[in-house]
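Residue numbers (numbering that gives the first Met the number 0), protein chains in the order written: chain A, 0 to 120; chain B, 0 to 494; chain C, 0 to 105; chain D, 0 to 251.
Think of the CB as a built atom: it goes at the ideal place given N, C-alpha and C, for glycine as much as any other residue.
Fair warning: this is a prediction, and the values are worked out from it, not measured in the lab.
Everything on this sheet refers to the single structure shown next.
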Amino acid sequence: MMDLLWTQAVFWALVGIALLVIGLYALIVHAHLLRKVLALNIMSSGVFVLFIALARRAPREAAGGADAPAQVVPAPPDPVPQAMVLTGIVVAVAATGLLLALIVRLRSVAGRTTLDNRADD
Amino acid sequence: MRWDPGGLDWTLAVVFLPLAGALLCFLVPRRAAPVGLGAAVLTAAATFGLTLAVLADGVQRTALGGWAAPLGILWRADELSVALMAMTATVGVAVSFYAGAYFRDEHTERAFFWPLWLLLWMALNALFLSADLFNLYVTLELVGFAAASLTALGGNAAALAGAVRYLMVSVLGSLSYLLGVALVYHACGTVDITLAATRMGDAPGAAMHAATGAIIAGLLLKTALFPLHFWLPPAHGSAPAPVSALLSALVIKASFYLLLRLWLDMLGGGRWLAELLGVLGAAAVIWGSLLALRQTRLKLLIAYSTVAQVGYLFIAFPLSLAGNGAAWTGALYLALAHGLAKAAMFLSAGSLIRFGGHDRFAELDRPVPRLPLTLTAFTLAGVSIMGLPPSGGFIGKWLLLESAFRQGRYGLAAVVLLGGVLAAAYVFKVVGHAFTPGPREHRGLRVPAVMEWSALLLAVGAILLGLGLPLLRPLLQVGPESSGAGSAAAVGAWG
Amino acid sequence: MGKSEADRAMAGLNLIEWALDAVLALLVLGLALAALSTPALFRAVVLFIAFGLMLALVWARLHAVDIALAEMAIGAGVTGALLLATLLRLEPPIGRGGEPGDAGDD
Amino acid sequence: MPATTEMGSGRDRRGASRRESGGQARGPASARPRRELPLAARVLLGLLLLALFCALALAVLSLPSPAPGLSAAVAARLDESGVSHPVTAVLLNFRAYDTLLELTVLLLALIGTWSVGTAHGCAGSPPGPLLRQLPRLLVPLMVLVAGYLLWAGAHAPGGAFQAGSLLGGIGILLCLSGRPLPRWAQGWPVRLLALAGVTVFAALGAGAGALPGGALLAWPPGWAKALILAVELAAMLSIGAILAALFAGGRP
Numbered sequence: 000m001m002d003l004l005w006t007q008a009v010f011w012a013l014v015g016i017a018l019l020v021i022g023l024y025a026l027i028v029h030a031h032l033l034r035k036v037l038a039l040n041i042m043s044s045g046v047f048v049l050f051i052a053l054a055r056r057a058p059r060e061a062a063g064g065a066d067a068p069a070q071v072v073p074a075p076p077d078p079v080p081q082a083m084v085l086t087g088i089v090v091a092v093a094a095t096g097l098l099l100a101l102i103v104r105l106r107s108v109a110g111r112t113t114l115d116n117r118a119d120d
Numbered sequence: 000m001r002w003d004p005g006g007l008d009w010t011l012a013v014v015f016l017p018l019a020g021a022l023l024c025f026l027v028p029r030r031a032a033p034v035g036l037g038a039a040v041l042t043a044a045a046t047f048g049l050t051l052a053v054l055a056d057g058v059q060r061t062a063l064g065g066w067a068a069p070l071g072i073l074w075r076a077d078e079l080s081v082a083l084m085a086m087t088a089t090v091g092v093a094v095s096f097y098a099g100a101y102f103r104d105e106h107t108e109r110a111f112f113w114p115l116w117l118l119l120w121m122a123l124n125a126l127f128l129s130a131d132l133f134n135l136y137v138t139l140e141l142v143g144f145a146a147a148s149l150t151a152l153g154g155n156a157a158a159l160a161g162a163v164r165y166l167m168v169s170v171l172g173s174l175s176y177l178l179g180v181a182l183v184y185h186a187c188g189t190v191d192i193t194l195a196a197t198r199m200g201d202a203p204g205a206a207m208h209a210a211t212g213a214i215i216a217g218l219l220l221k222t223a224l225f226p227l228h229f230w231l232p233p234a235h236g237s238a239p240a241p242v243s244a245l246l247s248a249l250v251i252k253a254s255f256y257l258l259l260r261l262w263l264d265m266l267g268g269g270r271w272l273a274e275l276l277g278v279l280g281a282a283a284v285i286w287g288s289l290l291a292l293r294q295t296r297l298k299l300l301i302a303y304s305t306v307a308q309v310g311y312l313f314i315a316f317p318l319s320l321a322g323n324g325a326a327w328t329g330a331l332y333l334a335l336a337h338g339l340a341k342a343a344m345f346l347s348a349g350s351l352i353r354f355g356g357h358d359r360f361a362e363l364d365r366p367v368p369r370l371p372l373t374l375t376a377f378t379l380a381g382v383s384i385m386g387l388p389p390s391g392g393f394i395g396k397w398l399l400l401e402s403a404f405r406q407g408r409y410g411l412a413a414v415v416l417l418g419g420v421l422a423a424a425y426v427f428k429v430v431g432h433a434f435t436p437g438p439r440e441h442r443g444l445r446v447p448a449v450m451e452w453s454a455l456l457l458a459v460g461a462i463l464l465g466l467g468l469p470l471l472r473p474l475l476q477v478g479p480e481s482s483g484a485g486s487a488a489a490v491g492a493w494g
Numbered sequence: 000m001g002k003s004e005a006d007r008a009m010a011g012l013n014l015i016e017w018a019l020d021a022v023l024a025l026l027v028l029g030l031a032l033a034a035l036s037t038p039a040l041f042r043a044v045v046l047f048i049a050f051g052l053m054l055a056l057v058w059a060r061l062h063a064v065d066i067a068l069a070e071m072a073i074g075a076g077v078t079g080a081l082l083l084a085t086l087l088r089l090e091p092p093i094g095r096g097g098e099p100g101d102a103g104d105d
Numbered sequence: 000m001p002a003t004t005e006m007g008s009g010r011d012r013r014g015a016s017r018r019e020s021g022g023q024a025r026g027p028a029s030a031r032p033r034r035e036l037p038l039a040a041r042v043l044l045g046l047l048l049l050a051l052f053c054a055l056a057l058a059v060l061s062l063p064s065p066a067p068g069l070s071a072a073v074a075a076r077l078d079e080s081g082v083s084h085p086v087t088a089v090l091l092n093f094r095a096y097d098t099l100l101e102l103t104v105l106l107l108a109l110i111g112t113w114s115v116g117t118a119h120g121c122a123g124s125p126p127g128p129l130l131r132q133l134p135r136l137l138v139p140l141m142v143l144v145a146g147y148l149l150w151a152g153a154h155a156p157g158g159a160f161q162a163g164s165l166l167g168g169i170g171i172l173l174c175l176s177g178r179p180l181p182r183w184a185q186g187w188p189v190r191l192l193a194l195a196g197v198t199v200f201a202a203l204g205a206g207a208g209a210l211p212g213g214a215l216l217a218w219p220p221g222w223a224k225a226l227i228l229a230v231e232l233a234a235m236l237s238i239g240a241i242l243a244a245l246f247a248g249g250r251p
């Protein structure tokens with residue numbers, strides 16, 4: 000049973016890493032700033048998924064008794080990573096809002112939506 | 000678990016005073032400048048109080064919310080964090096006075112500079128105080144947002160592009176850091192630095208290597224170590240001058256401080272990683288100095304000089320492997336001296352821009368006789384950047400050189416010396432042009448005396464730092480044994 | 000939480016749950032890839048919003064209901080609205096007269 | 000680095016880029032971006048990222064199976080926290096300082112957004128009849144749900160963030176339906192609303208520290224529930240106001 004929970008944790012953690020890597024690739028390859036914002040958001044989603052997925056490996060004893068049937072009840076997930084990811088989501092939306100405002104301003108001042116620089120991130 | 004009131008009042012003040020000031024400035028934008036200046040002076044005074052408290056009573060610990068380490072968040076004000084906070088306060092007060100004059104006629108910039116700058120200050124102090132990995136992530140984001148918004152105050156295309164790039168890099172760096180924190184949490188079951196350090200030994204190696212890599216990569220990106228420095232010159236070169244001073248003097252140091260703190264207290268870092276950081280640091284010194292030499296715009300020159308100076312800080316990593324703390328003291332000395340000197344340089348550059356309308360220094364028309372204080376400030380700051388005695392930069396480089404020679408690391412020693420020579424070349428390039436008449440007669444605009452004096456006082460501070468070695472030594476004694484063991488014992492007693 | 004619950008859990012985390020996980024993961028990854036590679040920005044933003052909604056389901060699967068709610072409201076809702084508004088502002092209909100979102104990337 | 004030329008040769012390159020983007024905007028929608036990395040660089044990048052994936056996957060696989068998380072520690076102290084939902088207890092009591100800083104992050108994003116320009120209305124086009132009528136129906140419902148989420152947060156999933164983002168959604172809806180902020184509210188009232196969360200949180204937290212035997216952000220026993228609700232209420236209003244203001248995209 001423990002193995003199944005663990006497998007699910009690892010499975011979603013790998014999905015999170017995949018999201019992170021996909022986002023990083025797009026962040027580097029694309030020039031349009033809006034696309035970079037999307038990429039950053041997907042990257043942060045990846046980190047959040049990893050963070051929460053690994054919390055699925057909660058300790059058995061949190062579920063209750065020591066006998067076998069009680070052990071297989073999935074324990075309530077660790078609340079601390081959840082609180083941290085909630086914080087992270089709010090930070091991410093704040094970053095998105097600020098970035099988009101700067102991008103709109105850049106567009107209206109300079110008429111471009113790229114960093115216009117081959118050395119950009 | 001409960002605090003004693005003496006120390007906490009100061010720790011509370013250094014975070015909550017700038018926060019309160021920022022909130023007030025935002026609420027009444029018309030009164031932003033006097034309110035902001037008042038909050039800045041009060042914050043600096045509180046920092047001074049905290050420094051004295053730490054020197055007198057040792058490390059100040061606060062359990063926020065009264066919850067002990069694994070569950071709650073700890074503040075820890077030790078010598079290292081207090082040294083950085085004191086530098087922040089010194090630079091902060093000078094820049095605040097400067098900015099009061101600099102933004103006097105620009106209403107929008109004035110209304111938004113103050114809340115953003117005070118929030119940046121609050122975030123920096125919160126970062127220097129925090130002993131909790133996840134809380135540090137939030138403070139890192141605060142610092143990044145504030146710094147990028149301040150950069151955008153420049154308003155033109157270059158500043159906005161610089162700010163966008165800066166913010167993206169900052170968010171990316173924080174994300175990498177957060178990834179590392181997530182791995183640490185899941186391997187050690189805590190985000191408290193000291194507790195995590197004690198549990199890292201039992202944690203699986205692969206996870207710890209990945210966490211170390213992610214945390215260090217994110218912080219290197221934020222610290223702009225070569226070759227991750229690409230975002231720094233456009234941002235620091237195009238922001239308004241007081242903002243550039245804050246970015247180069249303080250914001251870069253915040254991520255370096257965090258890297259150093261984690262390296263000393265938690266990550267411990269392997270030999271190869273230290274050597275790699277040393278090589279990158281050496282490359283940064285050479286590359287940054289060479290590019291600084293090629294610049295024709297003063298602020299870009301100063302920004303590339305920052306790229307080079309960041310390199311010195313990382314040369315200490317391989318030098319500290321032998322186990323003595325002299326290299327760390329040297330790096331910290333350099334960080335503090337660079338903070339004061341670089342802020343003075345950017346502030347002088349701002350005065351020169353006000354005077355001439357641009358910062359192509361070869362075309363400025365005889366600034367020396369007309370702005371003697373500003374040019375004196377620039378030259379004195381240059382003395383510290385070059386590392387000539389008796390400046391703070393000299394002491395820092397000398398400590399690095401001493402430990403390099405003692406270990407027979409002649410390559411690193413050569414880089415330190417060569418960096419000094421190159422710095423002399425680019426500083427004198429600017430100063431040389433300052434005596435000559437420009438291509439056109441230029442009347443030059445008046446520069447407020449506050450702007451000239453605040454730059455000069457900072458530069459004098461950078462020089463005096465070199466004379467204050469005996470005074471500062473107790474603050475700058477860092478090493479794994481000085482901070483780690485004591486706090487581990489304390490947390491054991493608390494938990 | 001008696002025998003039946005244990006049985007359900009024993010047999011429950013089985014093929015169906017795994018299929019659910021797999022389909023959800025494929026959807027999330029596919030939507031992320033599509034949002035990042037589709038040439039039209041408007042479509043990219045719409046796909047991103049769909050990605051956020053799917054992610055909310057992932058949080059629910061991972062028993063993180065708070066995050067699922069927040070993701071639905073903030074991640075998909077507010078972020079999506081911000082992105083769409085920005086798209087309108089970046090491509091003002093005055094001037095060249097292209098449909099917003101119709102233009103290619105870059 | 001080419002980055003140096005941001006100011007120097009920026010003007011002509013900027014002109015070039017505008018021509019380029021103009022040309023592409025008129026081109027077919029399927030046109031791939033021109034200014035991409037060369038293929039070899041992209042392949043190299045892909046390989047590097049694959050290596051990154053593998054390294055992180057190895058790290059994840061190496062983690063111990065029963066996690067040494069903090070759920071037991073949270074459960075042990077849950078009674079003292081004033082709420083019965085563990086996530087809310089972490090957010091507003093055990094790690095309340097994180098949440099205070101997070102509200103500051105939101106406020107900072109708002110100040111940064113306002114510093115770059117003024118808002119020019121929410122949508123490009125005047126709203127249609129549906130969008131004008133929709134708020135009448137939806138806003139009361141959303142307020143109700145937000146209130147429920149806030150109240151439920153003490154013992155079940157929900158809380159200030161979810162409720163606040165719903166309020167933000169109301170703001171966005173009102174903005175889209177062509178109901179701008181009334182003129183009287185554009186000055187300090189809206190600023191005050193945006194500040195309320197951080198201010199109430201910080202003031203109560205510091206006040207708790209001033210009590211005899213209290214600590215910074217330590218809610219006194221017995222008062223925890225009420226104080227947390229007060230903080231959450233202010234935070235919800237601020238989060239809603241800030242998110243709506245971020246959507247409006249500039250200072251009023």
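* **Alpha carbon of C/Phe47 to alpha carbon of B/Glu105, nearest angstrom** => Straight-line Cα distance between these residues: approximately 40 angstroms.
* Output the boundary residues of the alpha helix (DSSP H) element that contains A/Ile51. => Under the DSSP assignment, A/Ile51 falls in the alpha helix (DSSP H) whose first and last residues are Leu32 to Leu53.
* Look at B/Glu287 and B/Ala307 and say whether their C-beta atoms are less than 8 angstroms apart. => First, the residue type needs correcting, since residue 287 of chain B is Gly and not Glu in the sequence shown. Their beta carbons are under 8 angstroms apart, which means B/Gly287 touches B/Ala307 by this criterion.
* **Neighbouring residues, chain C, relative to D/Phe246 (Cβ below 8 angstroms)** => Chain C residues near D/Phe246: Val77, Ala80, Leu81 and Ala84.
* Asked: Under 8 angstroms between the Cβ atoms of B/Ser347 and B/Ala302?
  -> No, the pair does not count as a contact, with Cβ atoms beyond the cut-off.
* Asked: Looking only at its own chain, which residues have a Cβ that is under 8 angstroms from the Cβ of B/Gly71, when we skip the five neighbours before and after it?
  -> Cβ neighbours of B/Gly71 beyond the five flanking positions: Ala62, Leu63, Gly64 and Gly65.
* Asked: Is the region 324-339 of chain B touching the region 418-433 of chain B in the sense that three or more CB pairs, one from each, lie closer than 8 angstroms?
  -> Short answer: they don't touch.
* Would B/Leu224 pass as a contact of B/Phe313 if the rule is Cβ separation under 8 angstroms? -> Taking 8 angstroms as the Cβ cut-off, B/Leu224 and B/Phe313 qualify as a contacting pair.
* To do: Could you name the residues of chain D that C/Thr43 contacts, counting a contact when the two beta carbons are closer than 9 angstroms?
  => According to the sequence provided, residue 43 of chain C is Ala. The question's Thr does not apply to it. Within 9 angstroms Cβ-Cβ: nothing; C/Ala43 doesn't reach chain D, min ~12 angstroms.
* Asked: Residues of chain A with a CB under 9 angstroms from the CB of D/Glu79: which are they?
  -> Listed along chain A is no residue with a C-beta nearer than 9 angstroms to that of D/Glu79; the closest approach is about 15 angstroms.
* To do: Check distances from the C-beta atoms of the region 52-70 of chain C to those of chain D and list, in chain order, the residues that come in under 7 angstroms.
  => Answer in chain order: Val64, Asp65, Leu68 and Ala69.
* What is the DSSP secondary structure of B/Gln406, counted as helix, strand or coil? -> Here B/Gln406 carries a coil assignment [DSSP, helix/strand/coil].
* Asked: Where D/Ile110 and B/Met121 are concerned, what is the direct C-alpha to C-alpha distance, given to the nearest angstrom?
  -> Between the alpha carbons of D/Ile110 and B/Met121 lies a distance of about 15 angstroms.
* Asked: Which value, in whole angstroms, describes the spacing of the CA atoms of B/Glu140 and B/Val27?
  -> If you draw a straight line from the Cα of B/Glu140 to the Cα of B/Val27, it is about 25 angstroms long.
* To do: Measure the C-alpha to C-alpha separation of B/Gly491 and B/Val58 and round it to an integer number of angstroms.
  => Low local confidence applies: a pLDDT of 32 at B/Gly491 is under 50, so the model's placement there is unreliable, with the coordinate-based value given in what follows. Looking at the two C-alpha atoms, the distance is approximately 15 angstroms.
* Assign B/Leu73 to one of three DSSP states: helix, strand, or coil. => Note: B/Leu73 maps to strand in three-state DSSP.
* Asked: Cα separation between A/Val28 and A/Gly96?
  -> A/Val28 and A/Gly96: Cα-Cα distance of roughly 22 angstroms.
* Asked: Terminal residues of the continuous alpha helix (DSSP H) containing B/Gln308?
  -> Here the alpha helix (DSSP H) through B/Gln308 covers Leu297 to Leu318.
* Asked: For B/Leu149 versus D/Ala58, is the C-beta distance shorter than 8 angstroms?
  -> Result no, Cβ atoms of B/Leu149 and D/Ala58 do not sit closer than 8 angstroms.
* Asked: Since B/Ala62 is in the beta strand (DSSP E), which residue starts that stretch and which ends it?
  -> Where B/Ala62 is concerned, the enclosing beta strand (DSSP E) stretches over Gln59 to Leu63.
* To do: In the DSSP assignment, find the alpha helix (DSSP H) that holds C/Phe41 and state where it starts and stops.
  => Its alpha helix (DSSP H) spans residues Leu40 to Arg60.
* State the DSSP-derived secondary structure class of B/Thr42, mapped to helix, strand or coil. => The answer is helix: DSSP assigns B/Thr42 an H, G or I state.
* Asked: Taking Cβ positions only, does C/Leu32 come closer than 8 angstroms to chain A?
  -> Taking 8 angstroms as the CB threshold, C/Leu32 lines the interface with chain A.
* To do: Below 6 angstroms CB to CB, which residues in the same chain sit around D/Gly163 once its five sequence neighbours on both sides are set aside?
  => So the list reads Met235, Ile238 and Gly239, once near-sequence residues are dropped.
* To do: Measure the CB-CB distance between B/Ala380 and B/Ala340 and report whether it falls below 8 angstroms.
  => Contact flag set, yes.
* To do: Under 8 angstroms by Cβ, that's how I've got A/Val103 and C/Thr85 pegged, so tell me the actual separation to the nearest angstrom.
  => Indeed, because the Cβ distance is near 6 angstroms, the residues count as touching under 8 angstroms.
* Interface residues of chain D facing C/Ile48 [CB-CB closer than 8 angstroms] -> Those do not exist, as C/Ile48 stays about 13 angstroms from chain D at its closest Cβ, beyond 8 angstroms.
* Asked: Who are the Cβ neighbours of D/Leu173 in its own chain at under 6 angstroms, not counting the five residues just before and after it?
  -> These residues qualify, in order along the chain: Pro134.
* Asked: Going by DSSP, what residues sit across from A/Ser107 in a beta bridge?
  -> DSSP links A/Ser107 through a beta bridge to no other residue.
* Close beta carbons around D/Ala151, own chain, < 6 angstroms, minus the five adjacent residues each side -> Within the same chain, D/Ala151 has close Cβ partners Gly157.
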